[in-house]
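Participant: For the record, in the sequence shown the residue sitting at position 64 is 63 according to numbering that gives the first Met the number 0, with numbers rising by one throughout. Please read through the structure below; I'll follow up with questions.
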Amino acid sequence: MEAIPSLGGDAKLMRQIDAAMQEAAFAAKARASRRFGVLPHFTARQAIRIAAAALAIVLCSILVWRLRSQTARAEVAYGEVFVSTGEGIEQPLGPGERFRLPAWVRAGSEARLEIQPGPIAHLAANTRVRIESSREAAQMNGLARYAIRSNGRADGEEPAFTVITPLGRVDDLGTEFEIDLRESGIARIRVDQGMVRAQPNEGPSLDISAGRAARMGLRLAILENEPAD
């Protein structure tokens, strides 16, 4: 399930590789000069071998660094989900099984995911989300409840977790909240603890506090008249 990250399409990375290769070749010449007292002349074949060895070392170092840096994972706490990490093939996972992020997740039944490190997501059956990282997810349909485990957020800090929907985004401001996309064209947002900020794609944002619910469309988010049960 854990895909190896691609190294292509990164101009800065390729420049770093090229510089590392040149540095390795220069270092090899310097070592030979110190050893033999002269600056050696490498044949084309020797130069290619040195460059290839340097490239292999650099690529291995970069790969190890990237794999270590991508620590965000999720674990299925209960229920069954189907996970795809990019090949378009869904793999069923059950309680105790983990997968690497980012990934598409479809709940085969009511399920709970623990995103590490980050929130807990409770998914109703048939809900589909793309979990990008421990800080962001995209909910495409269905019903999901998110409980944010991080706390101590100071004013002005970035949201601990953001959920993108087809109608807009919901930014966590230290909370436990629910997003219901089962009604066409409407996202119903309910806050149990803390506060969230609803941001429609084409309208002003709305802060929703604990015990309140709101409906969000493409252009407007409005509080419901009655507090959430």
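In this text, a Cβ means the ideal position worked out from N, Cα and C, and glycines have one as well.
By how many angstroms is the C-alpha of Ile178 removed from the C-alpha of Arg187?
Facilitator: If you number the sequence shown from 1, residue 187 lands on position 188. If you number the sequence shown from 1, residue 178 lands on position 179. Their Cα atoms are separated by approximately 6 Å.
Participant: When you compare each of Pro94, Glu89, Ile88, Gln90 to Tyr77 by their alpha carbons, which one comes out closest?
Facilitator: What you label residue 77 is simply residue 78 of the sequence shown in a count that begins at 1. Tyr77 has its Cα closest to that of Pro94, out of Pro94, Glu89, Ile88, Gln90.
Participant: Quick one: using the 10 Å Cβ neighbour count with 16 as the cut-off for buried, is Ser183 buried or exposed?
Facilitator: Working through the sequence shown from its first residue, we reach residue 183 at position 184. Looking at its Cβ environment, which holds fewer than 16 other Cβ atoms inside 10 Å, Ser183 is exposed.
Participant: To which residues of the same chain is Arg144 closer than 6 Å at the C-beta, ignoring the five residues directly before and after it?
Facilitator: For this step, residue 144 is matched to residue 145 along the sequence shown. Cβ neighbours of Arg144 beyond the five flanking positions: His121, Glu177.
Participant: Given that a residue counts as buried once 16 or more other Cβ atoms are within 10 Å of its Cβ, and exposed if not, what is Glu175?
Facilitator: Your numbering for residue 175 matches position 176 in the sequence shown. Glu175 is buried by the Cβ-count criterion.
Participant: Can you give me the start and stop residues for the beta strand (DSSP E) that Gly167 sits inside?
Facilitator: If you number the sequence shown from 1, residue 167 lands on position 168. Residues 167-171.
Participant: Can you tell which of Arg189, Ala197, Ala110 has the C-alpha that lies nearest to the C-alpha of Asp170?
Facilitator: Residue mapping note: residue 170 aligns to position 171 of the sequence shown, counting from 1. Nearest C-alpha to Asp170: Ala197.
Participant: Based on Cα-Cα distance, which residue from Arg127, Met194, Asn200 lies nearest to Ala212?
Facilitator: As a first step, residue 212 must be located in the sequence shown, where it is residue number 213. Answer by Cα proximity: Met194.
Participant: Give the single residue among Ala110, Leu166, Arg189, Arg129 whose Cα lies nearest to the Cα of Asn200.
Facilitator: Counted from its first residue, the sequence shown places residue 200 at position 201. Answer by Cα proximity: Leu166.
Participant: Taking its Cβ as the centre, do 16 or more other Cβ atoms sit within 10 Å of Gln117, making it buried, or is it exposed?
Facilitator: Here residue 117 corresponds to residue number 118 of the sequence shown, with the count starting at 1. The sequence given here places Gly at residue 117; Gln does not occur at that position. Answer is buried; the Cβ neighbour count reaches 16.
Participant: Looking at the C-beta of Glu131, does it have a partner C-beta in chain D at a distance below 8 Å?
Facilitator: The chain labelled as chain D is not found in the depicted structure, where only one protein chain is given.
Participant: State the beta-bridge partners of Arg105 as determined by DSSP.
Facilitator: Indexing the sequence shown from 1 puts residue 105 at position 106. In DSSP, Arg105 forms a bridge with Phe81, Arg127.
Participant: For the putative contact between Thr161 and Arg129, defined by C-beta atoms under 8 Å, what is the C-beta separation to the nearest angstrom?
Facilitator: Here the question's residue 161 lines up with position 162 in the sequence shown. Here the question's residue 129 lines up with position 130 in the sequence shown. Contact flag wrong, Cβ pair sits at about 13 Å.
Participant: Starting from Ile188, trace the beta strand (DSSP E) in both directions and tell me its first and last residue.
Facilitator: Walking along the sequence shown from the start, residue 188 turns up at place 189. Taken as a continuous stretch (DSSP letters only), the beta strand (DSSP E) holding Ile188 covers 186-192.
Participant: State the CB to CB distance for the pair Ala73 and Phe98, rounded to an integer number of angstroms; the pair is presumed to be in contact (CB under 8 Å).
Facilitator: As a first step, residue 73 must be located in the sequence shown, where it is residue number 74. As a first step, residue 98 must be located in the sequence shown, where it is residue number 99. Right, the Cβ-Cβ distance comes to about 6 Å (below 8 Å), so this counts as a contact.
Participant: I need the DSSP call for Ile178, collapsed to helix, strand or coil.
Facilitator: What you label residue 178 is simply residue 179 of the sequence shown in a count that begins at 1. Here Ile178 sits in strand by DSSP.
Participant: Once you ignore the five residues that flank Ile142 on each side, which residues in its own chain have a CB closer than 8 Å to its CB?
Facilitator: Here residue 142 is taken as the residue at index 143 of the sequence shown, counted from 1. According to the sequence shown, residue 142 is Leu rather than Ile. Answer for Leu142: Leu122, Ala123, Thr126, Glu177, Ile178, Asp179, Leu180, Arg181, listed in chain order.
Participant: Would you mind working out which of Glu96, Gly210, Val104, Ser204 sits nearest Gly216, comparing C-alpha positions?
Facilitator: As a first step, residue 216 must be located in the sequence shown, where it is residue number 217. Among Glu96, Gly210, Val104, Ser204, the Cα nearest to that of Gly216 is on Ser204.
Participant: Under a three-way DSSP split, which group does Ile259 fall into?
Facilitator: For residue 259 there is no data in the structure shown, the boundaries of the chain being 0 and 228.
Participant: Measure the alpha-carbon distance for Asn224 versus Pro101 and round it to whole angstroms.
Facilitator: As a working mapping, residue 224 is identified with position 225 in the sequence shown. As a working mapping, residue 101 is identified with position 102 in the sequence shown. Roughly 37 Å separates the two Cα atoms.
Participant: Name, in chain order, the residues that DSSP records as bridge partners for Met139.
Facilitator: Here residue 139 refers to the residue found at position 140 when the sequence shown is read from its first residue. Looking at the DSSP assignment, Met139 forms no beta bridge with any residue, so it has no partner.
Participant: Which of the three DSSP states is assigned to Ile163 in this structure?
Facilitator: Counting from 1 along the sequence shown, the entry for residue 163 is found at position 164. Correct three-state label for Ile163: strand.
Participant: To which residues of the same chain is Glu233 closer than 6 Å at the C-beta, ignoring the five residues directly before and after it?
Facilitator: This structure does not reach residue 233, given that the chain is present from 0 up to 228, and the question cannot be answered.
Participant: Report back the beta-carbon spacing between Ile147 and Gly173 to the nearest angstrom; my notes put them in contact at under 8 Å.
Facilitator: As a position in the sequence shown, residue 147 is number 148, starting the count at 1. As a position in the sequence shown, residue 173 is number 174, starting the count at 1. Indeed, because the Cβ distance is near 7 Å, the residues count as touching under 8 Å.
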